[in-house]
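Residues in the sequence shown are numbered consecutively from 1, following UniProt numbering.
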Amino acid sequence: MNYRIHFILGFFLGFAFFSCSNSEETAISPQIQSITESVYASGNIKAVNQYEAYAIGTGPIQEIFVKEGDVVNEGDPILAVYNERERLSRENAELAQAFADYQENQSKLRELQLAIDLAKSKFQNDSLLYARQKKLWEQNIGTEVEFEQRKLTYENSKNNYESALIRYGDLKREIEYNSKSASKNLAISRVLESEFVVKSKIHGKVYALPKEQGEMVGPQTVVAVLGDEKDFIMELLVDEYDISKIALDQLVIIRMDSYVDQTFEGKVTKIYPLMDTQSKSFTVEAVFTKSPPVLYPNLSLEANIITAQVENALVIPRNYLLNDEKVILEEGDTIVVKVGLKNFEFAQILEGLNQDQQLIKP
1 MNYRIHFILG FFLGFAFFSC SNSEETAISP QIQSITESVY ASGNIKAVNQ YEAYAIGTGP
61 IQEIFVKEGD VVNEGDPILA VYNERERLSR ENAELAQAFA DYQENQSKLR ELQLAIDLAK
121 SKFQNDSLLY ARQKKLWEQN IGTEVEFEQR KLTYENSKNN YESALIRYGD LKREIEYNSK
181 SASKNLAISR VLESEFVVKS KIHGKVYALP KEQGEMVGPQ TVVAVLGDEK DFIMELLVDE
241 YDISKIALDQ LVIIRMDSYV DQTFEGKVTK IYPLMDTQSK SFTVEAVFTK SPPVLYPNLS
301 LEANIITAQV ENALVIPRNY LLNDEKVILE EGDTIVVKVG LKNFEFAQIL EGLNQDQQLI
361 KP
C-alpha cells in the first residue's frame with residue numbers, strides 16, 4: 001500500500017499561484033519561491049505508555065475497582081478475576097505454614113532439650129563414678145565385674161547424650177526447613193492468587209473497561225486500556241518506498257477530522273526499524289509541538305512529514321512535467337531538465353530552464 005497522497009498546506013509552504021487558465025495551450029514561466037517535499041502518513045493518537053491489560057487466568061470478573069476516566073497509580077488494582085482453585089490453594093498453604101511455623105514447634109525442641117539436659121546430667125554422674133571405680137580397680141580394690149558394669153554404664157550414658165544432641169540438631173533443621181518451605185509455598189500461592197487481580201503498570205488514566213462484572217475472561221482477553229492522562233504521541237504509518245527519507249526531528253504537519261480546517265505541528269521522535277509485511281509500511285512515532293487543546297487515544301489523523309525544503313528555488317507546476325524529466329517549450333520543443341524536490345503540486349528545476357522561458361502543459 002503506497003501512501004503517496006499529499007495534502008497541501010498553502011499558508012505553511014508559502015506557495016504563490018501561477019496565473020494560468022483552463023486551456024492547455026496557456027504558457028507559463030518558471031517562478032522563484034520556496035518548495036517543500038513531504039511524505040504522507042496516516043495514523044492514530046496514542047496516550048504515552050498506552051497499553052492493553054490482560055487477565056492472567058480464566059474465570060468470571062469478580063469485582064471492578066475503578067471506572068473509566070479514573071486516574072490510578074502504579075500497582076493499583078483494576079479488577080479481580082474469581083478463581084476457586086487458587087483461593088483454596090492459598091488457604092491450604094496458610095494451614096501448612098501455620099502447622100510448620102518455627103515458633104509453633106518450639107515446644108518439640110524444648111522437650112528434646114530437657115532430654116538432652118537429663119542425658120548430660122546422667123552422663124556426667126556416670127563419668128565420675130566410672131573414674132572412681134577405675135581408680136579403685138587400679139589399686140586392686142573391688143571386683144572386675146563391678147568395674148566392667150560401671151564402664152558399660154558410663155559408655156551408655158555417653159552414647160545417649162550424644163544421640164540426644166544429634167536428634168536435637170536434626171529436629172531443629174527439619175523444623176527450620178519445613179517452616180521456610182511452607183512460607184515460600186504460601187508466598188507462591190499468594191502470588192498466583194494475586195495474578196488474578198489485574199493491576200496498573202503505570203500512573204495514568206483508565207481509558208476503557210471493555211468487560212463487565214460477571215463476564216468470563218481469559219489470558220487473551222483485554223480487560224482494560226490505560227495510558228498517560230496528559231501526554232500523547234502519534235503513531236504514523238509510512239510506506240516502505242518513503243521510509244528512507246524519514247529522519248528524527250523532522251517537522252510533521254498534522255490534520256485531524258476532529259479539528260476540521262485546522263493544522264497542528266509535531267516532530268519525529270522514533271522510527272521502528274521493522275516493516276509490517278502485510279501493510280508494507282513502517283511505524284514512526286511523533287510528538288506534538290503545537291497540539292490541539294483536547295486529545296483522546298485512537299483519534300485518527302493524516303500527516304505530512306517534511307523531508308526537505310528549499311528557499312528561492314526555480315519551480316514549475318508538477319503537471320507541466322513530462323515523464324518527470326522533460327518539459328515542452330512554448331515553441332513546441334521538448335527539452336530534458338534536471339528535477340530536484342517534488343511535491344503534489346510543484347517541482348524544482350535544477351538545470352535546463354530559466355525564468356525567461358515559456359512552457360506549455362503536456
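Just so it is clear, CB atoms sit at the ideal spot from N, CA and C, and this is done for glycine as well.
message: Just to confirm my understanding: we take Met234, look at its own chain, exclude 5 residues before and 5 after, and list those with CB closer than 8 angstroms. What are they?
response: These residues qualify, in order along the chain: Gly43, Asn44, Ile45, Lys46, Val252, Ile254, Gly266, Glu285, Ala286, Val287, Phe288, Leu301, Ala303.
- request: Determine, using beta carbons only, whether Ala55 and Leu236 come nearer to each other than 7 angstroms.
  value: Going by beta carbons, Ala55 and Leu236 fall outside the 7 angstroms limit.
message: Once the 5 residues before and after Asp228 are set aside, which same chain residues still bring their CB inside 6 angstroms of it?
response: Cβ within range, chain order: Ala47, Val48, Asn49, Gly204.
query: Would DSSP call Ser21 helix, strand or coil?
result: Any reading at Ser21 must be qualified, since the residue scores a pLDDT of 37, below 50, and its modelled position is unreliable; the value itself is stated next. Ser21: coil per DSSP, three-state reduction.
Rounded separation between Leu79 and Gln213 - CA only: The alpha-carbon atoms of Leu79 and Gln213 are separated by roughly 9 angstroms.
query: Grouping DSSP H, G and I as helix and E and B as strand, with all else coil, what is Asp117?
result: In the displayed model, Asp117 falls within a helix according to three-state DSSP.
message: What does the Cβ neighbour count give for Lys184, buried or exposed, with the cut at 16 atoms within 10 Å?
response: Result: exposed.
message: By alpha-carbon positions, which one of Leu152, Phe346, Glu215 ends up nearest to Ile64?
response: Looking at the Cα atoms, Glu215 is the closest of the given residues.
query: For the beta strand (DSSP E) that Phe288 lies in, which residues bound it at each end?
result: Phe288 -> beta strand (DSSP E) spans 281–290.
message: Using a 10 Å radius around the Cβ and a threshold of 16 neighbouring Cβ atoms, would you call Ser131 buried or exposed?
response: In the sequence under discussion, the amino acid at residue 131 is Ala, which differs from the Ser named in the question. Exposed is the call here.
message: So for Asn178, helix, strand or coil by DSSP?
response: It is helical.
field: Identified DSSP bridge partners for Glu235
entry: Glu235 pairs with Asn44, Glu285.
- prompt: If you run the structure through DSSP and keep just helix, strand and coil, what is Ala164?
  reply: Note: Ala164 maps to helix in three-state DSSP.
- request: Could you pull out every residue in the same chain whose Cβ sits closer than 8 angstroms to the Cβ of Leu165, ignoring the five residues on either side in sequence?
  value: For Leu165, the CB contacts under 8 angstroms within the same chain, skipping 5 residues up- and downstream, are Ile116 in chain order.
- request: For Phe147, name the three-state secondary structure that DSSP assigns.
  value: For Phe147, the three-state secondary structure derived from DSSP is helix.
- request: Taking 7 angstroms as the cut-off, decide whether the C-beta atoms of Tyr207 and Val222 are in contact.
  value: In this structure, the beta-carbon distance from Tyr207 to Val222 does not fall below 7 angstroms.
query: What is the rounded straight-line gap between the Cα of Ala27 and the Cα of Leu359?
result: Their Cα atoms are separated by approximately 5 angstroms.
Top-ranked residue by Cα proximity to Val66, from Lys158, Pro30, Pro210: Per the Cα distances, Pro210.
field: Residue nearest to Val198 in terms of C-alpha spacing, selected from Asp261, Ser107, Asp76, Glu330
entry: Of the candidates Asp261, Ser107, Asp76, Glu330, the one whose C-alpha sits nearest the C-alpha of Val198 is Asp76.
query: Just checking my contact of Leu314 with Gln348 at CB under 8 angstroms: how many whole Å lie between their CB atoms?
result: Contact flag correct, Cβ pair sits at about 7 angstroms.
field: Nearest residue (CA-CA) to Lys172, options Lys108, Ala182, Phe344
entry: Of the candidates Lys108, Ala182, Phe344, the one whose C-alpha sits nearest the C-alpha of Lys172 is Lys108.
- prompt: If you count every other CB in all the chains shown that lies within 10 Å of the CB of Val339, and 16 or more means buried, which is it?
  reply: Answer is buried; the Cβ neighbour count reaches 16.
message: Taking DSSP's pairing of strands, which residues face Met275 in a bridge?
response: Met275 pairs with nothing; no bridge assigned.
Beta-carbon proximity check, Tyr320 vs Lys361, cutoff 7 angstroms: Contact flag set, yes.
field: Cβ pair Tyr82, Gly57 closer than 7 angstroms
entry: For Tyr82 and Gly57, no; Cβs fall outside 7 angstroms.
Pairwise C-alpha distance: Ala119 and Thr143: The alpha-carbon atoms of Thr143 and Ala119 are separated by roughly 27 angstroms.
- request: Name the two residues that bound the continuous beta strand (DSSP E) containing Phe346.
  value: 346–351 is the span of the beta strand (DSSP E), which, as asked, contains Phe346.
Nearest-angstrom Cα separation, counted from Tyr154 out to Glu138: Approximately 18 angstroms, taken between the alpha carbons.
query: Got a sec, what are the start and stop residues for the beta strand (DSSP E) Pro210 sits in?
result: Unbroken run through Pro210: none, as it is neither H nor E.
- prompt: What are the partner residues of Pro293, as DSSP defines its beta bridges?
  reply: DSSP output for Pro293 lists no bridge partner at all.
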